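Participant: My questions all concern the structure below.
In the working numbering, the protein residues as written are -5 to 66.
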């Protein structure tokens, strides 16, 4: 159950990125930080290392993209 919840949070975070990357629309991109943190908590509870890494990267992806956009 915890693995499914973590995976669903990860998928929801990815779906939030789609409008930003494909259509350059401003979506509620800051939700990826919250969804990534929630998914990370469930992944830690289930001890699933791949989901831990994926949700952690989702959680910090906003800051990575902001850094890339500022330098380009």
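Think of the CB as a built atom: it goes at the ideal place given N, C-alpha and C, for glycine as much as any other residue. Only a predicted model underlies this, so the values are computations on that prediction, with no experimental measurement involved.
Where do the N-terminal and C-terminal ends of the alpha helix (DSSP H) with residue 38 fall, by residue?
Facilitator: Its alpha helix (DSSP H) spans residues 25 to 40.
Participant: On a Cα-Cα basis, can you pick out the residue from 24, 34, 29 that is closest to residue 60?
Facilitator: Considering only alpha carbons, the answer is 24.
Participant: In terms of residue numbering, what span does the alpha helix (DSSP H) encompassing residue 55 cover?
Facilitator: Element bounds for residue 55: 43 to 65.
Participant: Just mark residue 58 as buried or exposed, buried being the case when its beta carbon has 16 or more other beta carbons within 10 Å.
Facilitator: The residue in question, residue 58, is exposed, as its Cβ has fewer than 16 Cβ neighbours within 10 Å.
Participant: Three-state secondary structure (DSSP) at residue 19?
Facilitator: Three-state DSSP puts residue 19 in coil, outside helix and strand.
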